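One structure below.
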Amino acid sequence: DTWRMATKMPVDSPEGQLFQQFAEKVNRYTDGELTIQIFPNEQLGKEDAVLEQLQSGVVTIYAEGFNFMKRWEPELAWVVAPFAFDDYEHWSRFMNSKLVDSWFEQAAEKSGIVPLGDPSAIIRGPYRVLLSNKPVNSLADVDGLKMRMPANQLLMKVWDSLGAQVMTLPWTEVYQSISKDIVQAVTSPAAMVESMRFNEVAPYMARTNEYYQSIGFMTNQAALDGLDDDTRAGLMRAYRETGEESHDVLAKVTQASLERMQQEGLTYTELDTQPFIERTQQRYQQMDTDGDLPAGFLQAVKDSRGAAE
Amino acid sequence: MIYILFGVFLLLILLRVPISIAIGGAVTLAFLTSDFSTALQIIPQQMLEGVNKASLTAVPFFIMAGNLMNVTGVTDRIFAFANALVGHFRAGLAQVNVLSSMIFAGISGAAVADCAGLGAIEIKAMRERGYRGDFSAAITVASSVIGPLIPPSIGLVIYAFLAQVSIERMFLAGLIPGLLVGLSLMLYLRLRATRENFPTQPRASRGEIATTGKHGFLALLAPAIILGSIMTGFVTATEAGVLACLYCIGLGLWYRELTWRKFRDALTDTTSMTAVIMIIIAFSIAMGWVLAIEQAPQHIADQMFALTENRHVFLLLLLVFIIIVGCVVEGVPAKLILVPTLLPVIDAYGIDRVHFGIIIQLGLLLGIATPPMGIGLYIVSKVGRVRFEDVTLAVLPMLVPLILVLLLITFVPGVVTFLPDLILGPP
Amino acid sequence: MSEHKNILQRLVTGADRALWQLGGVCLWLCNLCLLAMLSLTAATFLLRPFDVSVWWFWPWTMVLFIWLSFFGFFAIYVRLKDVRIDFLVKRLGRAGNILSRLLSDAVGAGVSVVLLQQAPTVMASAAGFVEGALLPWGDELPRQALFAPLFVSSALVALTALTDIAKCCVGLPENTAPLHPEAAS
Ligand code: NA
Ligand code: NA
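Residue numbers (the working numbering), protein chains in the order written: chain H, 8 to 316; chain A, 30 to 456; chain C, 178 to 362.
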């Protein structure tokens with residue numbers, strides 16, 4: 008078999024290279040039974056178009072963030088709930104909880120698309136930062152800060168309740184807008200800052216761990232079910248190993264990038280995010296009372312925290 | 030497969046099928062003969078992909094600005110001012126024709142607005158002065174090539190999005206080549222005027238220059254405002270287009286030239302032209318999808334690379350190729366097919382994407398002045414009431430200075446990259 | 178001339194005229210989309226100095242742009258706004274003219290019928306909403322709304338092409354329009 012795998016990332020990006028290694032491993036572990044053909048750079052289209060191709064089986068794997076699955080199961084928007092999780096491990100347990108499983112099952116019923124294995128395995132980011140053109144050292148500094156947000160209602164609500172003045176802008180216009188002080192800050196995965204050159208206009212970088220992200224390998228269920236057991240085992244092994252590697256690779260790449268940017272005058276701080284979490288927690292409680300949260304969400308967040316102890 | 034697609038597309042166009050339908054036909058055929066004949070839903074899905082692009086929203090506004098200038102009399106004022114400045118040169122009104130296009134280029138993003146709007150005024154004035162109709166129409170087409178090089182430019186917006194380069198960078202890169210094309214045409218006219226007798230007119234007095242300058246001042250300010258606002262980053266390219274439209278509306282009201290009827294006509298012209306471009310883009314993106322999934326660009330890149338490894342030889346081959354394609358395919362669909370196909374090759378030869386963007390822009394632009402697909406020739410032959418064949422012949426010698434500039438920018442990349450690197454820093 | 182038309186010809190002429198009028202309606206829809214895009218974008222940068230930003234402006238600008246493009250598909254087809262290269266066909270005489278006319282109609286009908294056939298599949302899989310394109314009652318615009326004008330236009334293009342074939346069969350001439358509107362004046 009040949010599977011087509013679509014991604015937004017260029018071949019030479021760290022993520023693009025991970026995918027390349029994944030393809031090589033699949034070939035090796037399945038003894039050539041399964042070949043993965045990668046289409047980088049949005050060659051086959053943007054999210055919506057690729058998800059539609061994934062449904063029809065033209066594309067077999069789409070490597071992107073899971074929150075796009077919310078078109079079939081709106082609750083899946085909450086897998087990137089900001090300031091809801093203590094750390095990656097907490098989030099990872101949540102991603103493998105019964106609640107999130109049931110969300111993915113709902114989505115699979117409507118779309119025929121399933122995650123390939125542990126949905127938190129391949130890390131992205133590897134962590135979220137806030138870039139600003141003036142220092143942000145605490146929650147107080149966020150007050151009145153003009154921040155760029157994607158057109159995502161949840162994110163806008165949360166940052167609004169943290170005191171920021173949110174504006175929506177296309178991602179590609181952020182650089183210009185900060186340089187003209189139209190906005191003062193943007194949130195981004197740490198690994199992406201240097202390539203977007205945000206550090207040139209916003210030399211203050213604060214690690215927020217706003218939320219945790221993974222690259223989901225969203226897979227056409229029929230194609231996955233059509234594999235024989237040995238091939239599927241090989242595929243899953245390749246996926247697991249790629250997940251493990253993603254942590255090392257991204258950590259290394261990001262550290263190197265951070266050092267380069269610091270030499271060019273970037274100030275890096277790690278925020279005490281507890282106040283952010285507490286303030287957002289109040290907002291979540293309020294939303295829960297109003298019935299705006301998915302049933303069982305707060306409980307599942309709490310339960311997966313408990314599992315650490 | 031790509032060659033068959035191209036063949037079908039060409040055949041349909043030559044048989045008078047509308048371009049948008051011709052490319053739709055080619056892409057439908059491509060799907061039906063590929064492995065995806067049962068996945069035709071991808072065509073409409075990719076069409077939406079094609080038009081759902083933020084950067085392309087600048088297109089209608091750059092078209093609209095040109096149309097508004099034509100209906101509000103701003104164009105006449107530009108022409109009058111250019112006439113006062115260079116009308117007394119040898120081949121005076123022909124020089125005016127070129128200079129007007131250079132000024133007009135700073136507001137309009139398309140060549141057709143130049144040919145149809147400004148061209149109508151220019152050809153009429155030149156004929157009244159005793160110039161031959163075919164010569165007047167020809168210099169109008171040749172000088173309309175300047176429009177899409179000097180920013181704003183629809184073609185450069187489309188290239189920027191295809192090649193993932195910033196629009197600002199492409200715009201800055203087009204400025205010097207655009208001016209060079211204008212100057213080369215003026216030099217060409219000057220040389221030709223030493224051998225031929227062109228009608229002459231007296232030098233404008235200081236007073237006339239001042240008066241036309243005063244009348245045209247607000248019109249002349251427009252290009253500065255637009256370019257300035259994009260370069261300083263206060264507005265995005267789309268917003269600059271809107272700003273240009275608002276400014277032209279303001280001028281039209283100030284000069285008491287803008288009536289509801291004229292506004293409506295400008296609006297309708299804009300939407301029809303935008304729709305034509307966007308439908309062509311929509312089908313081209315669907316075409317690009319088939320080509321991508323069949324991995325056609327990589328194959329072509331491999332073939333090209335097998336041909337020669339010398340960058341200069343490659344560039345020369347590329348130029349010939351682009352000019353030939355430009356003769357038979359209109360600029361927008363040509364770019365949509367060629368750019369994604371050629372980018373891997375361009376990268377492999379280490380050619381700067383901004384540099385390549387201007388090469389392909391000017392190379393394809395020559396096509397508006399060459400048969401059979403010379404859209405500019407069609408327009409001026411209608412506007413100027415000249416036979417298509419006659420303009421086609423008259424424009425031939427004027428292609429020489431254009432091709433010389435094309436060779437210059439191809440082999441001296443600094444001409445293109447100097448300004449963007451100076452203002453925006455190296456990429 | 179018109180009093181000599183038979184019933185069939187009159188029917189076909191009626192259909193032709195109705196489609197032409199409908200093309201005008203579509204053009205106006207496009208014009209309204211463009212005016213709204215102009216207003217939203219103008220408002221965006223005029224309000225910026227006052228630190229006012231309305232976050233649904235941008236997503237709606239994109240929606241209007243898509244509608245403009247897709248409604249325009251029919252408008253440019255029926256109103257003959259697209260470029261057509263006629264130097265070769267002119268030389269081919271009457272037979273070439275009829276061949277080219279029927280070919281255009283056939284390709285136009287073929288392409289739009291293929292598009293139309295896909296409508297059920299596309300609409301079914303177009304799940305979800307256009308992020309940020311807020312409706313007055315607080316929902317976001319369903320993604321199907323982006324495709325709808327394309328399919329409406331496709332249906333009308335198919336009708337136009339078939340009507341022209343019918344016209345050709347009953348001996349009525351093809352519609353013509355100037356290459357560029359300004360050329361008419
Ligand atoms: Na221009
Ligand atoms: Na001119």
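Think of the CB as a built atom: it goes at the ideal place given N, C-alpha and C, for glycine as much as any other residue.
All figures in this text were calculated on a predicted structure; none of them were measured in a lab.
### Message
Could you check whether Ala310 of chain C and Val229 of chain C sit closer than 9 angstroms to each other, using their CB atoms as the reference points?
### Response
no
### Query
Per DSSP, what kind of secondary structure is Ser195 of chain H in: helix, strand or coil?
strand
### Query
Relative to chain C, which residues along the segment 75-90 of chain H have a C-beta separation below 8 angstroms, given in chain order?
Lys77, Arg78 and Trp79
### Message
Do Ala192 of chain H and Leu123 of chain H count as a contact pair if the criterion is CB distance below 9 angstroms?
### Response
no
### Query
Would Tyr211 of chain H pass as a contact of Asn159 of chain H if the rule is Cβ separation under 9 angstroms?
no
### Task
Use the C-beta contact count for Gln458 of chain A: other C-beta atoms within 10 angstroms, 16 or more gives buried, fewer gives exposed.
Residue 458 of chain A falls outside the range modelled here, since chain A spans only 30 to 456, and no answer is possible.
#### Entry: Neighbouring residues (CB closer than 7 angstroms to any heavy atom of ligand 2)
A:Asn126, A:Val127, A:Ser129, A:Ser130, A:Asp143, A:Leu147, A:Gly148, A:Glu151, A:Ile168, A:Thr169, A:Ser172 and A:Ser173
### Query
With respect to 8 angstroms, is the separation between the Cβ of Ala111 of chain A and the closest non-hydrogen atom of ligand 1 below this value?
No; taking the cut-off as 8 angstroms, the Cβ of Ala111 of chain A has no heavy atom of ligand 1 nearer than that.
### Task
Show which residues of chain C have a CB atom less than 8 angstroms away from the CB atom of Ile189 of chain H.
By Cβ distance, chain C contributes Arg225.
### Message
Is any non-hydrogen atom of ligand 1 found closer than 8 angstroms to the C-beta of Leu178 of chain A, if you look at the structure I gave you?
### Response
Under cutoff, so the answer is yes.
### Message
Please list, in chain order, the residues of the segment 185-203 of chain A that have any C-beta partner in chain H closer than 7 angstroms.
### Response
none
### Task
Could you tell me the boundaries of the alpha helix (DSSP H) in which Pro326 of chain C lies?
Gln321 to Cys346
### Task
Using a Cβ-Cβ cut-off of 9 angstroms, state whether Gln230 of chain A counts as contacting chain C.
no
### Message
At the 9 angstroms Cβ level, is Leu356 of chain C part of the contact set with chain A, yes or no?
### Response
Below a pLDDT of 50, predicted positions are generally treated as unreliable, and Leu356 of chain C, at 43, falls in that range; no measurement from the model is reported.
### Message
I'd like to know if Gln183 of chain H contacts chain A, where contact means its C-beta is closer than 9 angstroms to some C-beta of that chain.
### Response
yes
### Query
Taking one C-beta from the segment 302-318 of chain A and one from the segment 49-63 of chain A each time, how about it: are there three or more such pairs within less than 8 angstroms?
yes
#### Entry: Where Tyr32 of chain A falls, given that 16 or more other Cβ within 10 Å makes a residue buried
exposed
### Query
Glu180 of chain H bridges to which residues according to DSSP?
Paired residue(s): none; Glu180 of chain H is not in a bridge.
### Query
Is any beta-carbon of chain H found at less than 9 angstroms from that of Phe306 of chain C?
yes
### Message
Suppose the cutoff is 6 angstroms on Cβ atoms and the five residues either side in sequence are ignored; what does the same chain contact list for Gly249 of chain C look like?
### Response
Cys207
### DSSP beta-bridge partners of Pro122 of chain H
Bridge partners of Pro122 of chain H: H:Met225.
### Task
Give the residues from the segment 179-210 of chain C that approach chain A closer than 7 angstroms (Cβ to any Cβ), ordered along the chain.
Leu204, Cys207 and Asn208
### Message
Would Glu31 of chain H pass as an interface residue toward chain C - the criterion being a Cβ-Cβ separation below 9 angstroms?
### Response
no
### Message
My parser needs the beta strand (DSSP E) runs of 3 or more residues fully inside the segment 258-318 of chain A; what are they?
### Response
none
### Task
Kindly indicate if chain H contains any beta-carbon less than 9 angstroms away from that of Trp318 of chain A.
yes
### Task
Using a Cβ cut-off of 9 angstroms, pull out every chain C residue sitting near Asn159 of chain H, in sequence order please.
Glu308 and Gly309
### Task
Mind checking which residues open and close the alpha helix (DSSP H) that includes Arg187 of chain C?
Ile184 to Leu224
#### Entry: Assigned secondary structure, Lys259 of chain H (DSSP; H/G/I helix, E/B strand, else coil)
In the structure shown, Lys259 of chain H sits in a helix (DSSP, three-state: H, G or I).
### Task
Could you tell me the boundaries of the beta strand (DSSP E) in which Lys77 of chain H lies?
Lys77 of chain H -> no beta strand (DSSP E), and no H or E assigned at all.
### Query
What does Leu51 of chain H touch in chain A if you count any residue whose Cβ is under 8 angstroms from its own?
Per Cβ cutoff of 8 angstroms: Trp318, Ala321 and Ile322.
### Task
Can you tell me the Cβ-Cβ gap for Glu71 of chain H and Gly250 of chain H, rounded? I've got them flagged as a contact below 8 angstroms.
About 15 angstroms separates the two Cβ atoms, so there is no contact after all.
### Query
Does the pairing of the segment 89-105 of chain A with the segment 194-203 of chain A give three or more beta-carbon distances under 8 angstroms?
no
### Message
According to DSSP, Lys153 of chain H sits in a beta bridge with which residue or residues?
### Response
Its beta-bridge partners are H:Gln172.
### Task
Please list the partners that Ala269 of chain A has in chain H, where partner means a Cβ-to-Cβ separation under 8 angstroms.
Under the 8 angstroms cutoff, chain H gives no residues; its nearest Cβ is about 12 angstroms from Ala269 of chain A.
### Query
Is there at least one Cβ from chain A nearer than 9 angstroms to Gly270 of chain C's Cβ?
no
### Query
Would the C-beta of Ile196 of chain A count as close to ligand 1, meaning under 8 angstroms from any of its heavy atoms?
No, ligand 1 has no heavy atom inside 8 angstroms of this Cβ.
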